[in-house]
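Visitor: The end of the sequence shown is residue 414 by this note's numbering, with every number in the run present. One structure is given below, represented as structure tokens, and several questions about it will come after.
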Amino acid sequence: MARLVMKFGGTSVANIERIRNVARHVKREIDEGHEVAVVVSAMSGKTNELVGWVNEANKHYDPREYDAVVASGEQVTSGLLAIVLQEMGIPARSWQGWQIPIETNDAHGSARIARIDGARVIEGFGRREVAVVAGFQGVDPLSGRVSTLGRGGSDTSAVAVAAALHADRCDIYTDVDGVYTTDPRIVPKARRLDRIAFEEMLEMASLGAKVLQVRSVEMAMVHGVQTFVRSSFDDPANPRPGTLICNEEDIVEEQVVTGIAFSKDEAQITLRKVADKPGVAAAIFQPLAQANINVDMIIQVASDDSTTDITFTVPTAEFDRARAILEKAKDEIGFSTLQASTDVVKISAIGVGMRSHTGVAADAFRALARKGINIRAITTSEIKFSVLIDAAYTELAVRTLHSLYGLDKA
Ligand code: ADP
Ligand code: ASP
Ligand code: MG
5 MARLVMKFGG TSVANIERIR NVARHVKREI DEGHEVAVVV SAMSGKTNEL VGWVNEANKH
65 YDPREYDAVV ASGEQVTSGL LAIVLQEMGI PARSWQGWQI PIETNDAHGS ARIARIDGAR
125 VIEGFGRREV AVVAGFQGVD PLSGRVSTLG RGGSDTSAVA VAAALHADRC DIYTDVDGVY
185 TTDPRIVPKA RRLDRIAFEE MLEMASLGAK VLQVRSVEMA MVHGVQTFVR SSFDDPANPR
245 PGTLICNEED IVEEQVVTGI AFSKDEAQIT LRKVADKPGV AAAIFQPLAQ ANINVDMIIQ
305 VASDDSTTDI TFTVPTAEFD RARAILEKAK DEIGFSTLQA STDVVKISAI GVGMRSHTGV
365 AADAFRALAR KGINIRAITT SEIKFSVLID AAYTELAVRT LHSLYGLDKA
């Protein structure tokens with residue numbers, strides 16, 4: 005007997021028929037004699053609809069009330085799955101975040117899980133009961149208010165519940181049959197990976213591959229949760245194992261580049277003719293940091309008139325705020341014009357093999373140049389590099405790098 009956490013994403017619970025299919029997956033594991041806690045997302049599209057309503061009601065909403073609204077999608081699916089399981093003769097009980105409880109901090113809208121008490125779920129196992137946990141939500145124990153974990157947060161709920169229950173495995177069921185070398189919806193030649201290292205998955209997720217929420221990967225790595233990504237659309241009687249997220253040492257076939265990710269969630273700001281003197285960078289980046297705006301890629305290009313152009317990126321969601329802060333500090337910074345673009349994409353290549361290979365990024369610059377793709381900014385670190393380009397070239401650039409590093413399906 006094993007203890008399992010099974011997580012099902014939005015497309016997997018999109019309607020009652022799919023929820024029945026999820027129940028068949030659960031039944032398979034129960035029939036094998038396992039203890040099962042299920043974590044569910046809201047029906048696909050539901051959270052977007054709820055977020056839309058909140059914004060329509062008031063763009064400057066109270067984040068506590070945002071959470072009150074958007075947490076409701078998971079309440080519905082957890083109840084529905086419990087009902088369907090019961091109808092199949094499997095004892096089941098739904099649990100909302102506050103009932104478990106899944107305690108978080110008070111950062112409403114992107115709360116972090118602080119503590120989970122697994123006792124009530126484990127008591128249920130004693131009664132042969134399946135626990136159906138509403139993903140994405142928790143409770144701030146100080147205020148007693150519902151909190152949510154940020155978009156895609158049900159993955160993190162699942163891994164955190166698995167860690168709290170000391171589960172043998174956490175299976176993340178989704179609409180693809182594993183983690184691919186890049187988004188299979190953009191590159192049909194993308195290959196499914198049998199295994200991917202935690203560090204690589206962490207970078208892939210941070211750099212735009214939304215198959216797992218970044219925090220879920222961190223959590224799996226820290227707590228050593230055995231995590232698979234697999235398909236809920238497989239035959240429940242005969243499912244495939246999917247992709248295991250594992251330690252680097254457990255990967256046999258190693259490639260220099262493991263995957264390509266892309267993110268349109270970045271906006272470019274260029275300050276022209278900034279005085280080329282000490283203190284200017286601080287004048288630009290300190291007010292942004294104080295406003296909690298994450299600056300990612302930075303490049304500085306000096307010209308011969310003792311001024312310089314500084315280009316950097318900020319998350320698209322923070323773009324308006326960043327621009328307002330910089331315009332306000334214009335005199336202090338001393339730039340001539342602020343140019344901005346949200347029509348950009350950050351393309352990244354990731355692989356632990358980059359630690360021991362040089363020239364990996366240079367190959368990409370050459371290949372992109374050959375396709376006439378202009379690079380606006382570059383960043384590199386130990387196991388990844390990123391380039392910022394025009395969004396119109398997203399698919400071409402991703403496919404070019406995917407082929408360049410030998411990732412195409414044979
Ligand atoms: P869920 O609703 O099950 O949480 P998501 O939509 O959040 O599912 O994540 C699954 C999607 O992630 C896939 O449909 C796929 O388009 C996308 N994706 C992006 N990059 C990758 C990748 N490298 N491997 C697999 N899927 C990816
Ligand atoms: N329903 C939430 C979202 O769409 C959480 C999740 O699906 O993981 O972001
Ligand atoms: Mg998701």
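Even for Gly, the Cβ is constructed at its ideal location relative to N, Cα and C. All values derive from a computational prediction rather than experimental measurement.
(1) Evaluate Val-256 with the Cβ neighbour count: other Cβ atoms within 10 Å of its Cβ, from every protein chain shown; 16 or more gives buried, anything less gives exposed.
(2) Considering only their Cβ atoms, is the gap separating Val-349 from Val-318 smaller than 7 angstroms?
(3) Below 7 angstroms between beta carbons: does that hold for Leu-85 and His-38?
(4) With 16 other CB atoms within 10 Å as the buried threshold, where does Ala-293 fall?
(5) Measure the beta-carbon distance from Ser-76 to Val-136 and round it to whole angstroms, keeping in mind my assumption that it falls under 8 angstroms.
(6) Just the C-alpha distance for Val-419 and Glu-78, rounded to the nearest angstrom, thanks.
(7) Below 8 angstroms on the Cβ atoms is my guess for Val-402 versus Ile-351; work out the distance and round it to an integer in Å.
(8) Check whether the Cβ of Val-215 lies closer than 6 angstroms to any heavy atom of the ligand ADP, and answer yes or no.
(9) Return the chain-ordered ranges of every beta strand (DSSP E) run that is complete within the stretch 217-243 and spans a minimum of 3 residues.
(10) Relative to the C-alpha of Asp-179, which candidate in Asp-144, Asn-296, Val-26 has its C-alpha closest?
(11) Residues in its own chain within less than 7 angstroms of Trp-102 by CB, not counting five upstream and five downstream?
(12) Given a cut-off of 7 angstroms on the beta-carbon distance, is the pair Ser-236 and Ser-16 in contact?
(13) Bridge partners for Gly-410 per DSSP, in chain order?
(14) Where in the stretch 251-300 do unbroken runs of the alpha helix (DSSP H), each at least 4 residues long, occur, reported from the N-terminal end onward?
(15) Is it buried or exposed, Lys-332, if we count other Cβ atoms within 10 angstroms and call 16 or more buried?
(16) Looking at Gly-246 and the ligand ADP, is the gap between the Cβ and the nearest heavy atom below 6 angstroms?
(17) Can you name the residues that DSSP bridges to Met-10?
(18) Leaving out five residues on either side along the sequence, give the residues of the same chain with a beta carbon under 8 angstroms from the beta carbon of Gln-259.
(19) So what does Gly-142 bridge to, in DSSP terms?
(20) Compute the distance between the beta-carbons of Met-10 and Val-42, then report whether it is under 7 angstroms.
(21) Return yes when the Cβ of Val-40 is within less than 7 angstroms of the Cβ of Glu-33, no when it is not.
(22) Give a yes or no on whether the C-beta atoms belonging to Ala-279 and Thr-346 are separated by under 7 angstroms.
(23) The beta strand (DSSP E) that contains Val-348, what's its start and end?
(24) Tell me which same chain residues have a C-beta within less than 8 angstroms of the C-beta of Tyr-397, skipping the five on either side of it?
(25) Considering only their Cβ atoms, is the gap separating Thr-383 from Ala-2 smaller than 7 angstroms?
(26) Between Arg-234 and Tyr-184, how many whole angstroms is the CB-CB distance? I'm expecting something under 8 angstroms.
(27) Using 10 angstroms around the beta-carbon of Thr-404, count the other beta-carbons present and answer buried if the total reaches 16, otherwise exposed.
(28) Gln-90 to Asp-175, Cα distance in whole Å?
(29) Just checking my contact of Gln-230 with Asp-172 at CB under 8 angstroms: how many whole Å lie between their CB atoms?
(30) Can you give me the Cβ contacts of Val-55 inside the same chain, cut-off strictly under 7 angstroms, excluding the 5 residues immediately before and after it?
(31) Determine the burial state of Met-92: buried for a count of at least 16 other Cβ atoms within 10 Å of its Cβ, exposed for fewer.
(32) Using the beta-carbon count (16 or more within 10 Å), is Asp-181 buried or exposed?
(33) Could you tell me if Asn-343 is buried or exposed, where buried requires 16 or more neighbouring beta carbons within 10 angstroms of its beta carbon?
(34) Can you tell me which of the three DSSP states Tyr-184 falls into?
(35) I'd like the span of the beta strand (DSSP E) that includes Leu-392, first residue to last.
Guide: Concretely, from the data shown:
(1) exposed
(2) no
(3) no
(4) exposed
(5) Not really, about 16 angstroms apart at Cβ, beyond 8 angstroms.
(6) No information on residue 419 is available, as it lies outside the stretch 5 to 414 that the chain covers here.
(7) 6 angstroms
(8) yes
(9) 231-235
(10) Val-26
(11) Val-143, Val-150
(12) yes
(13) Gly-410 is not bridged to any residue.
(14) 284-294
(15) exposed
(16) no
(17) Val-42, Asp-175
(18) Gly-355, Gly-357, Tyr-409, Gly-410, Leu-411
(19) Ser-151
(20) yes
(21) yes
(22) no
(23) 348-354
(24) Val-349, Lys-375, Ile-377
(25) Given a span of 5 to 414 for the chain in the structure shown, any question on residue 2 remains unanswerable.
(26) That belief does not hold up - the Cβ atoms of Arg-234 and Tyr-184 are roughly 13 angstroms apart, past 8 angstroms.
(27) buried
(28) 22 angstroms
(29) 7 angstroms
(30) Val-74
(31) exposed
(32) buried
(33) One point to set straight first is that residue 343 is Gln, not Asn, in the sequence displayed. Classification of Gln-343: exposed, given that the 10 Å Cβ count is below 16.
(34) strand
(35) 388-394
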